[in-house]
Structure formats: C-alpha cells, structure tokens
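First comes the structure, then the notes that go with it.
Chains as they are written, first to last, in the working numbering: chain A, 1009 to 1095; chain B, 1009 to 1095.
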C-alpha cells in the first residue's frame, strides 16, 4: 500500500513523531512522509502515533492507495529539512 | 492529473495562499489540498503561488500522478478547518 502521511502537531511533540515516522516511511520534508507500507505496519504506526499525539489538539492525515503507485514530486521554494531544527 | 499539494508558509501569507489554492483544488485540512487538475491549470496555479510566497522562506510540495486515481483518506486526531482561523 502506498501512503502519504502529513502531521500537524504541537512543537513539543514533533521531535518524537518525526523519529517514529522515519522508522516506517520516507521523510520528504517538514511534516510530510511518503512510502510503501503493509496494512499491518500502518496499523502499528497508527497505534504508536496515537500514544505520542494529543488527539484533541494534533492532527494527522493519511492518504492511502492500495496498489504500489509512483507519484512524482515537485518542491517550490525552500527544501526544508526538519533535522535542521534539532542540529 | 491527480495532485496532493502541501504548503508551509509564514502565517502572514497563509490566508492569501489558502484562498488561491481553493480556487483550483479541494481543501482537505490545514495546508493540505487534493484533486484533479490539468497540467495547464497546475502551471497557472504554480505561477500565482510564486507571486504570493517568499521562495527563500516558504515551501510547497506537490505530489503528482498523471492518471486519475482515487486515494482514500484517514484523519487521526483533530479535523482542522483553517477557516476557523479567519472567522
């Protein structure tokens, strides 16, 4: 299954969420992740995300496509690397 | 062509960008848009976005798929409506 995952979190929780998501998907930029993942691993990732996030404040969107598809990507403006914030 | 567009802008410019993107794509949540768009309209949108954004500070990612595909969506946590910020 192909997914694009985007989170919008309180800055206090971004570091933990970034670390978690990078174990399952390819970090693209900022709070955007992409990649192939099995339904069972996505379920595990979702459960772990729920333990980190505050569901009354934070939000996560997951776009899913059941087949393996190739989406190409264009970046306009700055290519942000969230790791900059932690270095 | 199917696209998912995500922007990360200085809050001063978000209102204008939101208004622009909503003329071309379906607003999903926060700074995330999705939909079918022709290459020529996407080109027009990109040109207009560049007039609004500061390319040294803001960033936009556009995922594209040349065919019409259906991606389903899951939201975890808060379903944010950016219009809340302007009401």
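All residues carry an ideal CB built from backbone N, CA and C; glycine is no exception.
Span of the alpha helix (DSSP H) around residue i
{"i": "residue 1021 of chain B", "result": "1019-1030"}
{"i": "residue 1060 of chain B", "result": "1047-1060"}
Residue nearest to residue i in terms of C-alpha spacing, selected from the options
{"i": "residue 1074 of chain A", "options": "A:1061, A:1045, A:1041 and A:1052", "result": "A:1045"}
{"i": "residue 1070 of chain B", "options": "B:1021, B:1018, B:1039 and B:1031", "result": "B:1039"}
{"i": "residue 1042 of chain A", "options": "A:1084, A:1020, A:1032 and A:1059", "result": "A:1032"}
{"i": "residue 1010 of chain B", "options": "B:1017, B:1081, B:1027 and B:1072", "result": "B:1072"}
{"i": "residue 1059 of chain A", "options": "B:1029, B:1084 and B:1014", "result": "B:1084"}
{"i": "residue 1064 of chain A", "options": "B:1079, B:1049 and B:1086", "result": "B:1086"}
{"i": "residue 1052 of chain A", "options": "A:1037, A:1028 and A:1062", "result": "A:1028"}
{"i": "residue 1034 of chain B", "options": "B:1012, B:1057 and B:1018", "result": "B:1012"}
Three-state class that DSSP yields for residue i in the structure shown
{"i": "residue 1014 of chain B", "result": "strand"}
{"i": "residue 1077 of chain A", "result": "coil"}
{"i": "residue 1068 of chain B", "result": "strand"}
{"i": "residue 1082 of chain B", "result": "strand"}
{"i": "residue 1038 of chain A", "result": "coil"}
Boundaries of the beta strand (DSSP E) in which residue i is found, first to last residue
{"i": "residue 1086 of chain A", "result": "Segment: none, residue 1086 of chain A is in no beta strand (DSSP E) and carries neither H nor E."}
{"i": "residue 1063 of chain A", "result": "That residue, residue 1063 of chain A, is in no beta strand (DSSP E); it is neither H nor E in DSSP."}
Residue-level contact to chain A via CB, residue i, 8 Å cutoff
{"i": "residue 1071 of chain B", "result": "yes"}
{"i": "residue 1023 of chain B", "result": "no"}
{"i": "residue 1084 of chain B", "result": "yes"}
{"i": "residue 1032 of chain B", "result": "no"}
{"i": "residue 1054 of chain B", "result": "yes"}
Proximity test, Cβ basis, 8 Å: residue i and chain B
{"i": "residue 1044 of chain A", "result": "no"}
{"i": "residue 1019 of chain A", "result": "no"}
{"i": "residue 1012 of chain A", "result": "yes"}
{"i": "residue 1036 of chain A", "result": "yes"}
{"i": "residue 1060 of chain A", "result": "no"}
{"i": "residue 1009 of chain A", "result": "no"}
{"i": "residue 1049 of chain A", "result": "no"}
Beta-carbon contacts of residue i that lie in its chain and below 7 Å, excluding the five residues immediately before and after
{"i": "residue 1076 of chain B", "result": "1010 and 1044"}
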